[in-house]
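Numbering of the sequence shown is given in my numbering, commencing with residue 7 and proceeding in unit increments. All C-beta atoms, glycine included, are put in the ideal place defined by N, C-alpha and C. Read the structure below first, then the notes.
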Amino acid sequence: MIIAVDGYSACGKSTLAKDLAKELGIVYIDSGAMYRAITLYYLEQREKNPILTIEELPLDQIQIDFIPGHKPIILLNNKDVSDEIRQPSVSDLVSEVSAVSKIRTALVDFQRKIAEGKSIIMDGRDIGSVVFPNADVKLFITAAIDTRAKRRFLELQQRGIQQSLEQIKSNLLKRDQIDSTRSDSPLTQTADAFLIDNTLLNREQQKQVALNIIKSKTNN
Ligand code: DC
């Protein structure tokens with residue numbers, strides 16, 4: 007079974023996907039973490055070469071590994087960068103990096119490969135539209151911008167990262183805009199995706215809404 011979860015930044019996609027993976031006994035794959043790892047690599051390379059453009063990134067020198075689990079791990083050239091990729095410096099640039107077609111092509115291939123032969127739930131922006139257009143169930147998640155900003159603020163605080171609510175809100179709005187308007191696989195709700203607006207739902211309620219949709223689609 008393949009479940010695709012797409013939607014805006016910080017709208018609770020990964021929380022929902024993790025909850026569903028646990029409930030259904032399937033593997034959760036965070037595609038955004040991969041774009042974040044490449045962004046981190048670009049930031050590191052740019053320190054050494056300030057005029058390096060994103061298009062010039064040598065993709066053959068980047069190895070990304072994703073180890074699924076209760077707390078998934080993302081490796082960049084064999085180094086665990088699971089925490090580092092949540093830094094604001096990465097969030098600020100990740101939408102520009104993920105708009106570059108050759109980066110998308112490489113990661114979409116990788117995403118399909120790691121899902122091969124498994125039952126998975128993957129979250130991102132183009133999972134139902136491009137990565138798995140034949141997914142068994144497609145969910146499209148949204149929530150009010152102020153709710154999303156508050157949730158991300160609390161999440162970053164728990165990770166020990168200080169950023170103001172205003173800074174977070176403006177980063178989310180900027181990313182939504184770039185992610186939805188880029189020419190290569192923009193964020194979009196496909197006609198066969200179920201919309202869940204979780205502004206007024208708690209974690210358990212959102213899981214139940216999604217489980218009902220999955221049951222109705224798969225007769226499980
Ligand atoms: O899910 P996230 O916020 O960690 O994703 C970070 C960025 O990566 C997001 O702003 C856009 C990009 N992304 C993408 O373009 N396609 C995906 N499938 C997942 C993420």
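Proximity test, D185 beta-carbon vs ligand 1 heavy atom, cut-off 7 angstroms:
If you number the sequence shown from 1, residue 185 lands on position 179. A distance criterion of 7 angstroms places the beta-carbon of D185 in contact range of ligand 1, judged by its closest non-hydrogen atom.
Helix or strand or just coil, what does DSSP make of F116?
Working through the sequence shown from its first residue, we reach residue 116 at position 110. Reduced to three states, the DSSP call for F116 is helix.
Within 10 angstroms of the Cβ of I133, are there 16 or more other Cβ atoms? Answer buried if so, exposed if not.
In the sequence shown, the residue the question calls residue 133 occupies position 127. Classification of I133: buried, given that the 10 Å Cβ count is 16 or more.
Looking at the structure shown, is M7 part of a helix, part of a strand, or coil, going by DSSP?
Taking the sequence shown and counting its residues from 1, the one referred to as residue 7 is at position 1. If DSSP states are grouped into helix, strand and coil, M7 belongs with coil.
In the DSSP assignment, what are the bridge partners of T148?
Position 142 of the sequence shown, counted from the start, is the residue given in the question as residue 148. Partner(s): D203.
Delimiting residues of the beta strand (DSSP E) encompassing V33
Looking up residue 33 in the sequence shown gives position 27. According to the DSSP assignment, V33 belongs to the beta strand (DSSP E) that extends over 33-36.
DSSP three-state label for D198, please.
Against the sequence shown, residue 198 aligns to sequence position 192. When secondary structure is reduced to three states using DSSP, D198 falls in the coil class, being assigned neither helix nor strand.
Q212 burial status per 10 Å Cβ neighbour count (16 or more: buried)
Against the sequence shown, residue 212 aligns to sequence position 206. By the 10 Å Cβ count, Q212 comes out buried.
Output needed for Y41: all residues of its chain with C-beta closer than 6 angstroms, excluding positions within five of it in sequence on either side, in chain order.
Position 35 of the sequence shown, counted from the first residue, corresponds to residue 41. Contacts found: V100, S104.
Is V215 helix, strand or coil when you go by DSSP?
In the sequence shown, the residue the question calls residue 215 occupies position 209. V215 sits in a helix when the DSSP states are folded into three classes.
Report yes or no: do three or more beta-carbon pairs, one from the region 39-59 and one from the region 173-190, lie closer than 8 angstroms?
The count of Cβ pairs closer than 8 angstroms, one atom from the region 39-59 and one from the region 173-190, stays below three, leaving the stretches out of contact.
So I151 and L22 are in contact, right, with Cβ under 8 angstroms, and what is the actual spacing, rounded?
Translated into the one-based positions of the sequence shown, residue 151 becomes position 145. Translated into the one-based positions of the sequence shown, residue 22 becomes position 16. Not a contact, Cβ separation roughly 18 angstroms.
Quick check: is any heavy atom of ligand 1 less than 7 angstroms from the C-beta of A39?
Along the sequence shown, one-based indexing puts residue 39 at 33. For A39, the CB falls within less than 7 angstroms of some heavy atom of ligand 1.
Got a sec, what are the start and stop residues for the alpha helix (DSSP H) L82 sits in?
In the sequence shown, counting from the first residue as 1, residue 82 sits at position 76. Unbroken run through L82 is the beta strand (DSSP E), 79-82; no alpha helix (DSSP H).
I'd like to confirm the pairing. Which residues does DSSP put opposite K228 in its beta bridges?
Nothing about residue 228 can be reported from this structure: the residues present for the chain run from 7 to 226 only.
Distance, Cα to Cα, M7 vs N140?
Along the sequence shown, one-based indexing puts residue 7 at 1. Along the sequence shown, one-based indexing puts residue 140 at 134. Whole-angstrom Cα-Cα distance: 10 angstroms.
Would you tell me roughly how many angstroms separate the C-alpha atoms of D36 and S20, rounded to the nearest one?
Here residue 36 is taken as the residue at index 30 of the sequence shown, counted from 1. Here residue 20 is taken as the residue at index 14 of the sequence shown, counted from 1. Rounded to whole angstroms, D36 and S20 show a C-alpha spacing of 7 angstroms.
Following the continuous alpha helix (DSSP H) through I174, name the residue where it begins and the one where it ends.
For the purposes of this step, residue 174 is taken as the residue at position 168 of the sequence shown. Start and end: 171-187.
I need the straight-line Cα distance from P64 to K108, nearest angstrom please.
Walking along the sequence shown from the start, residue 64 turns up at place 58. Walking along the sequence shown from the start, residue 108 turns up at place 102. The alpha-carbon atoms of P64 and K108 are separated by roughly 11 angstroms.
For the beta strand (DSSP E) containing D132, name the first residue and the last one.
Along the sequence shown, read from residue 1 onward, the residue named residue 132 stands at position 126. Bounds of any beta strand (DSSP E) do not take in D132, whose DSSP letter is neither H nor E.
Using a threshold of 7 angstroms, is the CB atom of R131 nearer than that to any non-hydrogen atom of ligand 1?
Position 125 of the sequence shown holds residue 131. Shortest gap from the CB of R131 to any heavy atom of ligand 1: under 7 angstroms.
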